[in-house]
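Here is the structure we will look at, set down as C-alpha coordinates.
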Amino acid sequence: MATKKAMKEFQLGDLTLELKLTTQDMVAIEARLGNRSLMSLFMDGDGAKMPSIKDCLIFLQGANQVHGVTDEKIAQAFEKFLQAGNSPIDLITVISEVLQESGFFGKKVTQSKTNSVLQLEK
(Lines of atoms letter the chains of each structure in order from A and count residues from 1; the text may use other names and numbers.)
(Lines give C-alpha, C1' and ligand atoms only; values in the text may rest on other atoms or scores of the structure.)
Protein backbone atom coordinates (compact mmCIF):
# COMPACT_ATOMS: atom_id res chain seq x y z
CA MET A 1 0.00 0.00 0.00
CA ALA A 2 1.34 3.44 -0.90
CA THR A 3 1.98 5.91 1.86
CA LYS A 4 1.30 9.61 1.59
CA LYS A 5 4.40 11.76 1.95
CA ALA A 6 4.31 14.26 4.80
CA MET A 7 3.68 17.92 4.10
CA LYS A 8 5.49 20.48 6.25
CA GLU A 9 3.82 23.80 6.89
CA PHE A 10 6.33 26.64 7.14
CA GLN A 11 5.80 30.34 7.82
CA LEU A 12 8.17 32.39 5.66
CA GLY A 13 7.54 36.03 6.49
CA ASP A 14 3.89 36.65 5.58
CA LEU A 15 3.59 33.49 3.45
CA THR A 16 2.44 30.13 4.71
CA LEU A 17 4.13 27.49 2.59
CA GLU A 18 3.18 23.83 2.38
CA LEU A 19 6.39 22.00 1.60
CA LYS A 20 6.59 18.51 0.16
CA LEU A 21 8.82 16.88 -2.42
CA THR A 22 7.47 14.64 -5.13
CA THR A 23 9.70 13.11 -7.78
CA GLN A 24 8.45 15.74 -10.22
CA ASP A 25 9.33 18.51 -7.73
CA MET A 26 12.84 17.10 -7.26
CA VAL A 27 13.46 16.99 -11.02
CA ALA A 28 12.19 20.56 -11.45
CA ILE A 29 14.32 21.89 -8.57
CA GLU A 30 17.42 20.13 -9.89
CA ALA A 31 16.80 21.68 -13.32
CA ARG A 32 16.60 25.14 -11.75
CA LEU A 33 19.82 24.42 -9.85
CA GLY A 34 21.62 23.90 -13.16
CA ASN A 35 21.02 20.13 -13.25
CA ARG A 36 22.82 19.70 -9.92
CA SER A 37 21.61 17.08 -7.47
CA LEU A 38 19.64 18.18 -4.43
CA MET A 39 22.50 16.69 -2.43
CA SER A 40 24.71 19.45 -3.86
CA LEU A 41 22.85 21.89 -1.63
CA PHE A 42 24.81 20.47 1.30
CA MET A 43 27.84 18.72 -0.19
CA ASP A 44 30.49 19.34 -2.81
CA GLY A 45 33.75 17.61 -3.74
CA ASP A 46 35.37 18.85 -0.53
CA GLY A 47 32.59 17.66 1.80
CA ALA A 48 29.90 19.59 3.65
CA LYS A 49 28.95 23.08 2.54
CA MET A 50 26.33 25.74 3.19
CA PRO A 51 23.77 26.26 0.42
CA SER A 52 23.45 29.72 -1.09
CA ILE A 53 20.38 31.82 -0.29
CA LYS A 54 19.45 31.67 -3.98
CA ASP A 55 19.52 27.86 -3.93
CA CYS A 56 17.47 27.80 -0.71
CA LEU A 57 14.80 30.04 -2.21
CA ILE A 58 14.70 27.93 -5.40
CA PHE A 59 14.19 24.87 -3.20
CA LEU A 60 11.36 26.52 -1.23
CA GLN A 61 9.57 27.65 -4.37
CA GLY A 62 9.91 24.20 -5.95
CA ALA A 63 8.80 22.25 -2.87
CA ASN A 64 5.90 24.59 -2.09
CA GLN A 65 2.50 23.11 -2.90
CA VAL A 66 0.50 26.37 -2.50
CA HIS A 67 -0.59 27.64 -5.92
CA GLY A 68 0.49 31.08 -7.14
CA VAL A 69 3.61 31.60 -5.01
CA THR A 70 6.19 33.09 -7.37
CA ASP A 71 9.95 33.53 -6.97
CA GLU A 72 9.32 37.21 -6.29
CA LYS A 73 6.83 36.45 -3.49
CA ILE A 74 9.29 33.98 -1.96
CA ALA A 75 12.08 36.61 -2.04
CA GLN A 76 9.85 39.26 -0.45
CA ALA A 77 8.70 36.84 2.24
CA PHE A 78 12.32 35.86 2.94
CA GLU A 79 13.15 39.53 3.53
CA LYS A 80 10.34 39.69 6.12
CA PHE A 81 11.53 36.39 7.61
CA LEU A 82 14.97 37.94 8.21
CA GLN A 83 13.50 41.21 9.52
CA ALA A 84 11.56 39.18 12.09
CA GLY A 85 14.87 38.01 13.58
CA ASN A 86 15.24 34.69 11.80
CA SER A 87 18.47 33.62 10.12
CA PRO A 88 19.43 31.70 6.99
CA ILE A 89 20.35 28.78 9.28
CA ASP A 90 16.68 28.55 10.30
CA LEU A 91 15.82 28.19 6.62
CA ILE A 92 18.47 25.52 6.06
CA THR A 93 17.06 23.52 8.99
CA VAL A 94 13.61 23.55 7.39
CA ILE A 95 15.04 22.42 4.05
CA SER A 96 16.84 19.52 5.75
CA GLU A 97 13.60 18.49 7.48
CA VAL A 98 11.65 18.56 4.20
CA LEU A 99 14.29 16.41 2.50
CA GLN A 100 14.21 13.94 5.41
CA GLU A 101 10.39 13.80 5.56
CA SER A 102 10.22 13.29 1.80
CA GLY A 103 12.48 10.24 2.03
CA PHE A 104 15.36 11.85 0.17
CA PHE A 105 17.91 10.54 2.70
CA GLY A 106 16.27 7.09 2.88
CA LYS A 107 14.52 5.42 5.75
CA LYS A 108 15.70 5.88 9.29
CA VAL A 109 17.28 2.73 10.65
CA THR A 110 16.95 2.08 14.34
CA GLN A 111 18.65 -0.64 16.26
CA SER A 112 17.20 -2.02 19.45
CA LYS A 113 19.38 -2.38 22.50
CA THR A 114 18.79 -6.13 22.56
CA ASN A 115 20.36 -6.48 19.13
CA SER A 116 23.46 -4.58 20.16
CA VAL A 117 24.20 -6.52 23.35
CA LEU A 118 26.82 -9.22 22.99
CA GLN A 119 26.15 -12.44 24.78
CA LEU A 120 29.12 -14.38 26.07
CA GLU A 121 29.12 -18.16 26.17
CA LYS A 122 30.31 -19.93 29.30
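Okay, so the sequence shown: first residue is 15 according to the numbering used here, each after it adds one.
Every residue gets a Cβ at the ideal spot worked out from N, C-alpha and C, and that includes glycine.
All values reported here derive from a predicted model rather than from experimental measurement.
_the stretch 40-51 contacting the stretch 101-112, beta-carbon criterion three pairs below 8 Å_ = By the Cβ rule, the stretch 40-51 does not count as touching the stretch 101-112, because fewer than three pairs are nearer than 8 Å.
_Range covered by the alpha helix (DSSP H) that runs through lysine 22_ = Along the sequence shown, read from residue 1 onward, the residue named residue 22 stands at position 8. For lysine 22, there is no enclosing alpha helix (DSSP H); the enclosing beta strand (DSSP E) covers residues 22-26.
*asked:* On the DSSP letters alone, give me the boundaries of the beta strand (DSSP E) that leucine 33 sits inside.
replied: Working through the sequence shown from its first residue, we reach residue 33 at position 19. Leucine 33 -> beta strand (DSSP E) spans 29-33.
*asked:* Do glutamine 97 and aspartate 85 count as a contact pair if the criterion is CB distance below 8 Å?
replied: Stepping through the sequence shown from its first residue, residue 85 is reached at position 71. Stepping through the sequence shown from its first residue, residue 97 is reached at position 83. With contacts defined by Cβ atoms closer than 8 Å, aspartate 85 and glutamine 97 do not form a contacting pair.
_Neighbour-count burial assignment, glycine 59, 16 or more Cβ in a 10 Å radius_ = As a first step, residue 59 must be located in the sequence shown, where it is residue number 45. Exposed: under 16 other Cβ atoms inside 10 Å.
*Can you round the beta-carbon distance between lysine 63 and phenylalanine 73 to whole angstroms, since I take them to be within the 8 Å contact cut?*
Translated into positions along the sequence shown, residue 63 becomes position 49. Translated into positions along the sequence shown, residue 73 becomes position 59. No, lysine 63 and phenylalanine 73 are not in contact; Cβ-Cβ is about 15 Å, not under 8 Å.
*In angstroms with no decimal places, state the Cα-to-Cα distance between serine 66 and threonine 36.*
Your numbering for residue 66 matches position 52 in the sequence shown. Your numbering for residue 36 matches position 22 in the sequence shown. In this structure, the straight-line span from the alpha carbon of serine 66 to that of threonine 36 is close to 22 Å.
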